[in-house]
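Peer 1: Residue numbers (the numbering used here), protein chains in the order written: chain A, 1 to 275; chain B, 1 to 291; chain C, 1 to 463.
Quick reminder that beta carbons are idealized off the backbone N, C-alpha and C, glycines included.
Here the structure is a predicted model, which means the values were calculated and not measured.
Let me begin by handing over the structure; questions about it come next.
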Amino acid sequence: MVTNKRTVWNICKEIFAWVLSLLILVPMVVILFNALKTSGEAINMSIAPPSKLHWENFGEVWRVGNILRSYINSLIVSVFPVLISVLCASMCAYVLARRKTKGNLAIYTYFALGLMFPISMVTVVKVTKLLSIYNTQLGVVLVYTALILPLSVFLFYGFLNSIPKELDEAAIVDGAGALRIFFQVIFPMLKPVTVTVIMINFLNCWNEFTIPLYMLPDPDKAVVVQQVYNFYGTFTASWNLVSVTILYAIVPVLLVYICGQKYIISGMVAGAVKG
Amino acid sequence: MINKKIYHWGFSLPAIVLYSLLFILPVTLNFYYSLTDWNAIKITGEVAHFIGFDNFKKIFSNPELTSVITRTVEFGLVTTVLKNVIGFTLALLFNEGLKSRHALRAVYFMPSMLSPLIIGLIFGSLLMTSGFFNQLLGAVGLENLVKPWLTTSGSAFGSVMFVEVWRQTGFNMVIYLAGLQLIDQSFYEAASIDGATAFQKLRYITLPRMLPSISINLLLNLSQGLKAFDIVYVLTGGGPNGSTELINTMVFKEFGKRMYGMSSAYGVVMFIITAVFGLIALKLTNKDFDS
Amino acid sequence: MKKRFVKIISAALSAAMIMGTAGCGGNGGQEAETPAAAPAETSAPEATAKPADGQEEAKGAAAGSTITMMASQNWIKDIDRELIEKFKEETGIQVKLLVTPDNGYSTLLGTSLADGSDVVDIFMYDAGKPMVSLGVPDMALDLSNEPWAANMEDWAVTANTYEDKLYGFSTWGVDYEGVLYNKTFFDENNLKPAETWEEFVALCDSIKELGKTPLYEPINGVWHTQSWFYSMTNVLNHEATPGAAEWLNESKDNKIASLKTAKEGLTQIAELLNAKDANGKPKYYTNDGQSEDWFGSYTSLQNRDTVMMVTYTAYPAELAANGCKDDWGMFPLPVAGTDSVNANGGGISKYVNKYSQNIDACKAYLEFLAKPENLDTYYAARTDLVTAAFKGVNTVKPTNATTEALERSKEEPAVRLMNDMLYWDPDLYKYFQGFAAGTMTPDQFLENMDTYRATMFDAATTN
């Protein structure tokens, strides 16, 4: 009886959740439908299905927006900052969390402040010009890394506090050096939080477009999200092609998520909040 | 001694250098420029003169400033609370029991993977008079509610907050789901034997163990909400008649006029607001981590 | 599952890294350096030895090079891409387009061109006073001696010249602004265009009685409603000598607030925008959409929810392209006794960055665009342009609205104040929204404009 009631209750919850999810699915369907319309048909972005499927829209955007090149560019400026920041932030947080001297506490606060500082593109451009990394992908990679470091350090620091110091001590007794202790003992244990950091930072880098816009005037280095502007103007917008570009920008992240969904939720992100 | 060798300061060096050079240096310049009349009205003639606190005097004599700050704080707090409450509820719902929970999690997480620019474009069209949202209202007999949501003063701010909540709730849900899965099932079993109600279990077992997740979400959402900009900019541009103007849209507008000194000064004001709320949230977070 | 995922991820990551390094080494390095490297190998000798003299050889040398052209999102159409393709086939020179958002364009132009940077070879910007006040002549190449210069229309030469040097290359056109009205609807309902402000308000009332909202007005966007104000350019020019813009540009002490017509007109506009119907909604206009509520205009006018809009004469061509069947006409907005439409001053031009490494390729591109057959193809596709910037273009078509607007104008259309005046306040849109909300008066409006001008005059002298 109890289990029966429970199943009914669960089915209700399930139905409710799916109904509510329409709030998310409907906009996606609208995008999908409009991507397949003519620009005249798509002017209202209505949910009406396309009268005829215009698959050629995908080809046109692929060509005009140079999507393949844009994918590579987006990958470069998302993957490298994420990797570099994971490495730098975990090492930094490790020292800060393990040796809580006054100086290290100050450094931790210094990073935490980064969560609140406003950033202005003109000064970033000025500094990158000074360092001769303006209009280079290396420049964007380094700037992104700097921008995502505070949150990464913050998350690693929190997690490291939950790893007992006895582990390090055991390794020291075994005669391991500093680097070996970190990379062979500590870093593997950071896996859960590492994936959180990767997740958050990758999404942010992938979706960012202001920084590439200001730092990379070379059109060959444009990222996917920027390509929307080829079809979207103040006076006129080809909403069908805008929709196609949106789909092109979503698909890779969606794929990564679907492949990793189980891992992301049950394993990795769990680490972030382990107190 | 051992500490110094094993936890070598060199480990923190790369992070500190990168962060200082490409984040703190521009930010510091920004703080300096807030005290100048730096502008680039002529793009070839960028000149900055030190003018002390003149920009701030101007900002604080702007009659709209109070309402902009209030609105920014309201935006930050309301969206933070909603994202967390809804995110937490969804996490409880999808933690176990439901057959299709994996699919549901994926669906609800989807919006947080999209660029704010893109979300702005999507909702901009959905919320038009002839857009899907109004078609839906019409279909269920609520024609009198039909309106251009983003260009009507009364509804624009609410609509923008709705879109922001829509965008980030799934992210909060994922963090909460993660926290939930760390709670040892034996606590619940023991509580069941003692005859605890579902509410008691939530209150005395779940919530206390979720504090770290709550802190993280609070901090991230607050900083995001108080610095909100792109989504507002795409959806309403601060209008109609300033009814969705936030402090960061002001920063951007001055920037767009190439009044960089003024724009930086607004940035400093925003920093102060964010820092006040951020430090409160950080204090909470730290306490939890240290205990 | 976990293991498999880790495998997938690591495979993906390593693939990305390979692509990445390929990107950095191959694209990032090679591609990025092509523009710089190519002249170093081929045209460097000429570049050092006066490119102007060796123009013939230089043209050959330019083949294989790549130039970058920067434009705002509204300025590049399909036809531009087609001509770029054709140009590449003919000369081997590739033109890369940098298309950027509208709202940050001039800032972005600044960061890209500052300090004599050569990352952009050609850039686009408004001709006329905006070109001067942005400082374009300081960084653009003098194009006075280009072969196509003599063939440009006089107005285009004027709009693109500063201190006797021609800087801009224009394939835009002059357009005019007034009240666009649905002629079909007007005929069906026996309505007549208005010639005085009283008639205009009465006209709006009659339309209202027919159950339609008279005007579509994108008041939420930042650029549109100001056209109501500069509609009075002709009458403002009567009041100030030699003309409103010249007089205002003389000094910050010549205040726009002292022009009676300006106040009279703004009072009329404020009343119209502020009028509310029984439900407390704007009585005479409607708007819809997002931050750029301009988008809502197409559907609204097409569905006859609204029947008039203050806009440019090429607009009906855009409506027709969306499938609108109605016929459209235009009359001058009779604000403060205005009896003529105003002209936009020439639109958007192309400028060559004088620090560009590929000046010859840039010149070849402009020369290519100026060929009669290419101009014809271009203007045939640009139905949003109603006049051409070059002589002898056969394909440019004025709309019925253009013809009617000019017929109804009592005077030669003057270049609108916004394009001829220095330091046009970018916050005007806020003041108009203030009119609609009843929180702004015409006096405050004009005072704000003068304050902004004074600040800019001072900034310009200290720079």
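For chain C, find out if any of its Cβ atoms is closer than 8 angstroms to the Cβ of Tyr257 of chain A; answer yes or no.
Peer 2: No, its Cβ sits nowhere closer than 8 angstroms to a Cβ of chain C.
Peer 1: So which residues on chain F does Arg258 of chain B lean against when the C-beta distance must stay under 8 angstroms?
Peer 2: The displayed structure is made up of protein chains A, B and C, and chain F is not among them.
Peer 1: Closer than 8 angstroms by beta-carbon distance: list the chain A residues that pair up with Arg81 of chain C, in chain order.
Peer 2: Simply Val64.
Peer 1: Would you please verify whether the beta carbon of Leu213 of chain A is less than 8 angstroms from any beta carbon of chain C?
Peer 2: Interface residue, yes.
Peer 1: Given a threshold of 16 other Cβ atoms within 10 Å of its Cβ, counted over all protein chains shown, does Tyr204 of chain B qualify as buried or as exposed?
Peer 2: That one is exposed.
Peer 1: Which value, in whole angstroms, describes the spacing of the CA atoms of Phe331 of chain C and Arg304 of chain C?
Peer 2: Spanning the two alpha carbons is a distance of roughly 19 angstroms.
Peer 1: For Lys129 of chain A, which residues from the same chain have a beta carbon less than 7 angstroms from its beta carbon, with the 5 sequence-adjacent residues on both sides left out?
Peer 2: Once the five neighbours on either side are set aside, Lys129 of chain A has no close Cβ partner at all.
Peer 1: Would you call Lys253 of chain B buried or exposed, if buried means 16 or more other Cβ atoms sit within 10 Å of its Cβ?
Peer 2: Classification for Lys253 of chain B: buried.
Peer 1: Which chain A residues are close to Gly322 of chain C, counting only those with a beta carbon under 7 angstroms from its beta carbon?
Peer 2: Per the sequence presented here, residue 322 of chain C reads as Asn, with Gly not at that position. What Asn322 of chain C touches in chain A: Gly40, Ile43.
Peer 1: When you compare the region 71 to 79 of chain C with the region 304 to 321 of chain C, are there three or more beta-carbon pairs, one atom per stretch, that lie closer than 8 angstroms?
Peer 2: No: the two stretches stay apart, fewer than three of their Cβ pairs being nearer than 8 angstroms.
Peer 1: In this structure, how does DSSP classify Leu53 of chain A when only helix, strand and coil are distinguished?
Peer 2: Here Leu53 of chain A sits in coil by DSSP.
Peer 1: Which residue marks the beginning of the alpha helix (DSSP H) containing Ser20 of chain B, and which one marks its end?
Peer 2: Taken as a continuous stretch (DSSP letters only), Ser20 of chain B belongs to no alpha helix (DSSP H), as it is neither H nor E.
Peer 1: So that I know if they touch, is there some Cβ in chain C lying closer than 8 angstroms to that of Met250 of chain B?
Peer 2: It does not; no Cβ of chain C falls within 8 angstroms.
Peer 1: With a threshold of 8 angstroms between beta-carbons, can Thr299 of chain C be considered close to chain A, or not?
Peer 2: Closer than 8 angstroms: yes.
Peer 1: Assign Glu177 of chain C to one of two classes, buried (16 or more other C-beta atoms within 10 Å of its C-beta) or exposed (fewer than that).
Peer 2: Buried: at least 16 other Cβ atoms inside 10 Å.
Peer 1: Just verifying my parser: in three-state terms, what is the DSSP assignment at Tyr108 of chain B?
Peer 2: Helix at Tyr108 of chain B.
Peer 1: From Ala245 of chain C to Gly267 of chain B, what does the alpha carbon distance come to, in whole angstroms?
Peer 2: Spanning the two alpha carbons is a distance of roughly 35 angstroms.
Peer 1: Excluding sequence positions up to five away, which residues of its chain have a Cβ less than 6 angstroms from the Cβ of Asn358 of chain C?
Peer 2: So the qualifying residues of the chain are Ser65, Ile67, Asp121.
Peer 1: Going by Cα to Cα distance, which pick from C:Thr196, C:Lys430, C:Val174 is closest to Val415 of chain C?
Peer 2: It is C:Val174 whose Cα lies nearest to the Cα of Val415 of chain C.
Peer 1: Check this for me: beta carbons of Val393 of chain C and Leu143 of chain C, under 8 angstroms apart or not?
Peer 2: Against a cut-off of 8 angstroms, the Cβ pair of Leu143 of chain C and Val393 of chain C comes out as no contact.
Peer 1: For a test of the three-state rule: what should DSSP assign to Thr383 of chain C, helix, strand or coil?
Peer 2: Coil, per DSSP.
Peer 1: Indicate whether at least one CB of chain B lies closer than 8 angstroms to the CB of Ala436 of chain C.
Peer 2: True, the Cβ-Cβ gap to chain B drops below 8 angstroms.
Peer 1: Just to confirm, are Leu36 of chain A and Asn57 of chain A a CB contact at a threshold of 8 angstroms?
Peer 2: Contact: yes.
Peer 1: Confirm, please, whether the CB-CB distance from Thr72 of chain B to Glu164 of chain B is below 8 angstroms.
Peer 2: No, the Cβ-Cβ distance between Glu164 of chain B and Thr72 of chain B is not below 8 angstroms.
Peer 1: Which residues in chain B have a C-beta closer than 8 angstroms to the C-beta of Asp288 of chain C? List them in chain order.
Peer 2: Per Cβ cutoff of 8 angstroms: Met128, Thr129, Ser130, Pro148, Thr151.
Peer 1: Out of C:His224, C:Asn74, C:Glu239, which one is the CA nearest neighbour of Tyr429 of chain C?
Peer 2: Comparing Cα positions, the closest option is C:His224.
Peer 1: Out of curiosity, what's the CA-to-CA distance linking Gln181 of chain B and Pro252 of chain A?
Peer 2: So the alpha carbons of these two residues sit roughly 28 angstroms apart.
Peer 1: If we count the other Cβ atoms within 10 Å of its Cβ and call it buried at 16 or more, is Asn4 of chain A buried or exposed?
Peer 2: It counts as exposed.
Peer 1: Where do the ends of the beta strand (DSSP E) carrying Gly243 of chain C lie?
Peer 2: Per DSSP, Gly243 of chain C belongs to no beta strand (DSSP E) and is neither H nor E.
Peer 1: Nearest CA to the CA of Leu191 of chain C: which residue from C:Met308, C:Leu385, C:Ala63, C:Asp425?
Peer 2: The shortest Cα separation from Leu191 of chain C among C:Met308, C:Leu385, C:Ala63, C:Asp425 belongs to C:Met308.
Peer 1: Cβ of Ser21 of chain A within 8 angstroms of Cβ of Cys205 of chain A?
Peer 2: Cβ distance not < 8 angstroms, so Ser21 of chain A and Cys205 of chain A don't count as in contact.
Peer 1: Under 9 angstroms between beta-carbons, which chain C residues line up against Thr236 of chain B? List them in chain order, please.
Peer 2: Ordered by position in chain C, the residues that pass the 9 angstroms Cβ test against Thr236 of chain B are Asn220, Gln290, Ser291.
Peer 1: Using a Cβ cut-off of 8 angstroms, pull out every chain B residue sitting near Thr145 of chain A, in sequence order please.
Peer 2: Here the neighbours are Leu18, Leu22.
Peer 1: Output needed in chain order: residues of the region 106 to 130 of chain A with a Cβ under 8 angstroms from some Cβ in chain C.
Peer 2: Hits within the stretch, in order: Met121, Val122, Val125, Lys129.
Peer 1: What span of residues does the beta strand (DSSP E) with Asn182 of chain C cover, start to end?
Peer 2: Its beta strand (DSSP E) spans residues 176 to 182.
Peer 1: Once the 5 residues before and after Lys129 of chain C are set aside, which same chain residues still bring their CB inside 7 angstroms of it?
Peer 2: Hits under 7 angstroms: Asn419, Asp420, Met421, Leu422.
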